[in-house]
Amino acid sequence: MTRRFRSRRTWLALLLLLPMLLLAAPRGTTANPAQRVMERVRLAQEGLPAWRAGMLIDIDLPGMKVKGKRVGIRHTPPDRFDFDAKGFALLPRKALMWTADSLFAGLSEPRLSPARPGDPRGSVRLGGLFREDGLLARMDYRVDTLRWLVTQVNTWHDTLKAVQLENDYIRVGGHWLPSAVRVDMRLTPELQRFYERLRATMRQRKTPREGRGTVRIVLDGHRLGA
Amino acid sequence: MLTLIQAELAKTVRLWRTAIGYAAILVVVPLILWGLAASGDLLSSQFTRGLEEQFILVGDVMNGYTASIIVMNFLWVHIPFLITLVAGDILSGEAVRGTWRVWLIRRPSRLQVLAAKYVVAQAYAFSLVALLAVVSVGFGLLLMGGGDVLVVGTEGVVLLGESVAIPRLLLAYGCAGVAMASVAALAFWVGTLVEHPIGPIVGSMAILIVLLALSNLPLAIFDNLRPWLFTSHFDVWSLALEEPLPVAEMARSLFTLAAWTGLFTGAAAFSFLRKDILS
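Set out below in structure tokens:
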């Protein structure tokens, strides 16, 4: 009898908990926990005002060197970025992925996996597939569930890691804004084609064919609503 | 010796041939810079084609410094030609005018005469490079303003900040001066071998063109020969714009150029000191 009573109490608690869970879940989410995480990241960026910052860019890629280039950035939500540089500047597109839409664009078959050893507390791993350069890339995101921020993105082509992006954030006026970016990437076919197109001089040009490089961006002087 | 150099300098400056080099730079370089300023957008887009997929391009590639670097490609054939006009004529001109006998039968010595003429020939080569630098950078900045410099080097693309670009450009023009000194020395040497000014001009240019072809031909058979040719090191100025600065490679190129300059100068002295001025 007591056992039956306990079972009823459990069922009752579960019945009460279900509407609460449904209410707590963000609008438009599906049952897929991975999609729910993506939605939470999107929601965390809602209400972000326009912001402005300065960027110090260092590029050390095979065949491309840029040292200490200063560029101003202005972000107007949802997805507009404006840049302002004295003279000429090259900004790697892969290093400027902060909005949820740009991070998860084209991602299919999302699935959640547990955090890896060494991942910060409150992290989860989100995986999926992405078609890039005619290749099917395997994506792996590290999401900080305490702040709902994507702190790492890995792109794999077969067993080869093509890109690793790491984002750090700073809290400004109650909003999390990017403070540092580090991209570790391989020489892409586009860049290789670009180098091969350049006019050869008499001196032997070492056309970069392979190798990895890094892009580092440090953001400072953040201002909201600018 | 100083009086000799001054006299030689005064004589050289008065020649039309000397003015041609300066006039060519003063006319052609601003014209090219104006053209680059007018069609800079097109050139920029052509250059950056293929980068847009990976990079967001902010600003314009073309500016005064970048245009100056483009103009430095004149250092392959055009500036050498202008140098041979004067450096080749400086000795053979005396022969054609028949003034050697008057000059060389009294003091100063042959070696002093040769040294004075050599100094003037080299000064002319360096002055042409200096004028090219002043006109290119000056007009370039006036027409297009300053900014970062996008350089295509041996290791790929390098973006030099404006503060780094100015000393690097100065270094590049200095290196170009060393390369042009070898051309002046070559023309000077060929000038000791002939009796007519056309000879050293045509002869030096023929040697330059043949050696430049050998330096540029992508044939494996010339791979062992190429590093020894002074024309293979003409582009030493482009190394001054690379990041990081390839000091060892630059030193090797500058040493090769200096060695050839010394060799041509020695050959000129050897030939001139044994020159028969009586026949």
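In order, the protein sequence lines correspond to chains S and F.
In this text, residue positions in the first sequence follow our numbering: the first is 1, and each later residue adds one.
In this text, residue positions in the second sequence follow our numbering: the first is 1001, and each later residue adds one.
C-beta atoms are modelled at their ideal positions from N, C-alpha and C, and glycine is treated no differently.
Nearest to residue i (by Cα), restricted to the options the options
i: S/W54; options: S/E166, S/L48, S/A180, S/P77; result: According to the sequence displayed, residue 54 of chain S carries Gly and not Trp. Out of S/E166, S/L48, S/A180, S/P77, S/A180 has the C-alpha closest to the C-alpha of S/G54.
i: F/V1247; options: F/C1175, F/V1183, F/N1224; result: F/C1175
i: S/Y169; options: S/F104, S/E39, S/F83, S/Q45; result: S/Q45
i: F/I1209; options: F/L1026, F/R1106, F/V1077; result: F/V1077
i: S/V71; options: S/E190, S/V218, S/L149; result: S/V218
i: F/A1259; options: F/P1244, F/V1178, F/S1238, F/E1243; result: F/V1178
i: F/G1262; options: F/M1250, F/A1187, F/L1033, F/I1201; result: F/A1187
i: F/L1004; options: F/R1107, F/V1028, F/L1057; result: F/R1107
Within-8 Å CB hit, residue i to chain F
i: S/M202; result: For S/M202, the predicted structure reports a pLDDT of 49, less than 50, and the residue's modelled location is therefore unreliable. A value from the coordinates is still provided. Taking Cβ atoms only, chain F reaches closer than 8 Å to S/M202, which makes this a yes.
i: S/M55; result: no
i: S/R93; result: yes
i: S/P235; result: Past the boundaries of the shown model lies residue 235 of chain S; chain S is included only from 1 to 226, so the question cannot be answered.
i: S/M64; result: yes
i: S/L219; result: no
i: S/E190; result: yes
i: S/G211; result: no
i: S/L90; result: yes
i: S/L22; result: In this prediction, S/L22 scores a pLDDT of 46, lower than 50, which makes its location untrustworthy; the coordinate-derived value is nonetheless stated afterwards. No, because no Cβ of chain F sits closer than 8 Å to the Cβ of S/L22.
i: S/Y195; result: yes
i: S/V124; result: no
i: S/A232; result: The shown model of chain S, from 1 to 226, leaves out residue 232 of chain S, and the question about it has no answer.
Cβ neighbour criterion (16 or more within 10 Å) applied to residue i
i: S/N167; result: buried
i: F/F1270; result: exposed
i: F/E1053; result: exposed
i: F/L1132; result: buried
i: S/G63; result: buried
i: F/E1094; result: buried
i: F/F1255; result: exposed
i: S/L22; result: Because the pLDDT of S/L22 is 46, which lies under 50, any placement of that residue in the model is unreliable, and the question is left without a value.
i: F/S1045; result: exposed
i: F/A1007; result: exposed
i: F/R1168; result: buried
Cβ-Cβ separation, residue j to residue i (assumed contact under 8 Å), whole Å
i: F/L1159; j: F/L1170; result: With a Cβ gap of about 19 Å, F/L1159 and F/L1170 do not count as contacting.
i: F/D1089; j: F/P1227; result: With a Cβ gap of about 32 Å, F/D1089 and F/P1227 do not count as contacting.
i: S/T76; j: S/A50; result: 5 Å
i: S/L187; j: S/L56; result: Actually they are not in contact, since the Cβ atoms of S/L187 and S/L56 sit about 23 Å apart, beyond 8 Å.
Minimum Cβ-Cβ distance from residue i to chain S less than 8 Å
i: F/F1255; result: no
i: F/I1056; result: yes
i: F/D1148; result: yes
i: F/G1161; result: yes
i: F/N1063; result: yes
i: F/D1060; result: yes
i: F/V1158; result: yes
i: F/L1042; result: no
i: F/L1051; result: yes
Closer than 8 Å at the beta carbon, the chain B residues around residue i
i: F/L1170; result: No chain B is present in this structure, whose protein chains are S and F.
Next on the checklist: With a threshold of 8 Å, are at least 3 pairs of Cβ atoms found where one atom belongs to the region 1199-1215 of chain F and the other to the region 1122-1130 of chain F?
Outcome noted: no
Item to check | Sufficient close CB pairs (3 or more, under 8 Å) joining the region 36-44 of chain S to the region 99-119 of chain S | outcome: yes
Next on the checklist: Would the region 80-94 of chain S count as touching the region 1251-1267 of chain F if we require 3 or more Cβ pairs under 8 Å?
Outcome noted: no
Item to check | Cβ contact (3+ pairs, closer than 8 Å) linking the region 1107-1116 of chain F and the region 1220-1238 of chain F | outcome: no
Item to check | Sufficient close CB pairs (3 or more, under 8 Å) joining the region 136-148 of chain S to the region 110-128 of chain S | outcome: yes
Checklist entry - Taking contact to mean at least 3 C-beta pairs separated by less than 8 Å, is the region 1064-1075 of chain F in contact with the region 1135-1148 of chain F? => result yes
Checklist entry - Between the region 1072-1087 of chain F and the region 1013-1029 of chain F, are three or more C-beta pairs nearer than 8 Å? => result yes
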